[in-house]
Amino acid sequence: MNLTAIYVANSFGIMLIGILLISNWSRLREKNIESCCLLLMMISAFMGCVIDPFVFACDGQPGTLNRFVVQAGNSLLYATDMFGSFFWLIFLKSHLKIKLSLTHKYILNCALMLGIAIILVNFFLPIIFEISDSNTYIRRAGYWFFCVIDYGFMIDSIVLYLICRHRGGYMKNFPIIVYLLPLLAGNVAQSLIYGISTISSCFTISIAGLMASLQRERIYRDKLTGIYNFAYLDVLEGQYIGNTRHNVSGIMINLNGFKKMNKELGRSTANNALKDAAKIIAHSIGELGTVVRYASDEFIAIVNTQDEMAINMCIASIKSAFSEFNRDPRNSYKMSACFSSCNINPENDISAFLDEISKRMLEEKADFYSQGENNRRRA
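Residue numbers (my numbering): 100 to 478.
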């Protein structure tokens, strides 16, 4: 065991986490699941880098205090490693708008609770590890059972990503290898080679890679709503135009009465309405595609299908979500929208698609406002 190498590796990990916190603090303060998971992952990595050197320094040293540090420290390291994998899974689910079944959620929660229970029981009945009379850490057979839970979260994230990628196509592309590869390397190395400290430091490298990927992605994110901005359509054009293997469609969503809301309720309320609308649309589309803010009160959902029934189901899901929002007494405003859809022809450029879907939207809006109760001339 080389304590100097352990101190240096974890010191660099602490420094890297500090830099990531400072440089990404504005993002981490955002009140959403993704930012919360990212912050908790950083806290887990930071705790691991701080605790690991103390545990190695006290390992094999006599005294009650050293025994407590080795026992409690290793328990916390197992917990931070497991929670780091769990928060990564939740982050990926939220970022890619993956919908989990109730059974899937139940299994994940049970696995997490089981892992916590094993760590707590290990204080009284050595399952994962034990501390010898000489205060030396010794792995037990239950260590590999705990690895099944820990690695299970990572494997589950990979499976979910592959399923989501299959359903949503390029629009659900995310460089998960940037996060998983360093973390997996650190876990495998420390699992197979006793006496080295690589998990926590590799965890920080994984988080750094994840934050770098997100920073590149933010170029194409709308600042107000958090969904993709108009520039992202150019990225999709490069992927889909000229490629006849893909069958992609667009759904345009235009909020009704937005200008009136902006005028009567104020800009702040109107902005909140845009945020709520973006969340509703993105959640309704889910893993089938992605959502772009096309104009002030207009969104375009790009979906990885040209099946008319699937497109109609997406529209119905959005309408249902709007209705549910309107029934909530806590909301001070109500929302509705007009819809138009159009297939993306790979032989034409994105402008042809935008022209066609906008033309269809104009027809939908004209029909909407021609109805007596919605006719602005009678307002």
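Don't be surprised by glycine CBs; every beta carbon is placed ideally from N, CA and C. Treat the numbers as computed from the prediction; the structure is a model and nothing was measured.
- Here the alpha carbon of A178 sits roughly 26 Å from the alpha carbon of L195.
- One thing to note: S440 has its Cβ no nearer than 9 Å to the Cβ of R426.
- Contact check for I326 against F244 fails: the beta carbons are separated by 9 Å or more.
- Of the residues assessed, Y205 falls on the exposed side of the cut-off, its CB having fewer than 16 other CB atoms within 10 angstroms.
- Spatial neighbours of S299 in its own chain (CB-CB distance under 7 Å, excluding positions within 5 residues in sequence) are listed in chain order as N109, G112, A144, G147, C148, D151.
- The way I'd put it, the stretch 305-317 doesn't touch the stretch 155-173; fewer than three beta-carbon pairs between them come closer than 8 Å.
- Judged by their CB atoms, L335 and I401 are nearer to each other than the 9 Å cut-off.
- Residue pairing by DSSP places E397 opposite N353, A394 in a beta bridge.
- Judged by DSSP secondary structure, A436 falls within the beta strand (DSSP E) whose first and last residues are 436-442.
- Between E463 and I197, the alpha-carbon positions lie close to 30 Å from each other.
- In the pairwise beta carbon analysis, the stretch 377-394 is classified as touching the stretch 268-280: at least three pairs are separated by under 8 Å.
- Between N346 and N221, the C-beta gap is not smaller than 9 Å, which leaves the two residues out of contact.
- The C-alpha of D396 lies about 59 Å from the C-alpha of L102.
- Boundaries of the beta strand (DSSP E) around F228: 228-230.
- Comparing alpha-carbon positions, the option among C263, N173, I304, S431 lying closest to G117 turns out to be I304.
- A direct Cα-Cα distance of roughly 8 Å separates S435 from S422.
- DSSP places Y236 inside the beta strand (DSSP E), whose first and last residues are 236-238.
- Secondary structure of T404 (DSSP, three-state): coil.
- Taking a C-beta distance under 9 Å as the contact criterion, L119 and A307 qualify as a contact pair.
- Under the DSSP definition of a beta bridge, S296 lacks any partner.
- In the structure shown, the three-state DSSP call for Y432 is coil.
- Following the DSSP letters along the chain, one finds P152 inside the alpha helix (DSSP H) bounded by residues 132-157.
- Contact check for S256 against A104 fails: the beta carbons are separated by 9 Å or more.
- Residue range 201-220 is occupied by the alpha helix (DSSP H) that includes I217.
- Here the alpha carbons of F438 and Q405 stand approximately 16 Å from one another.
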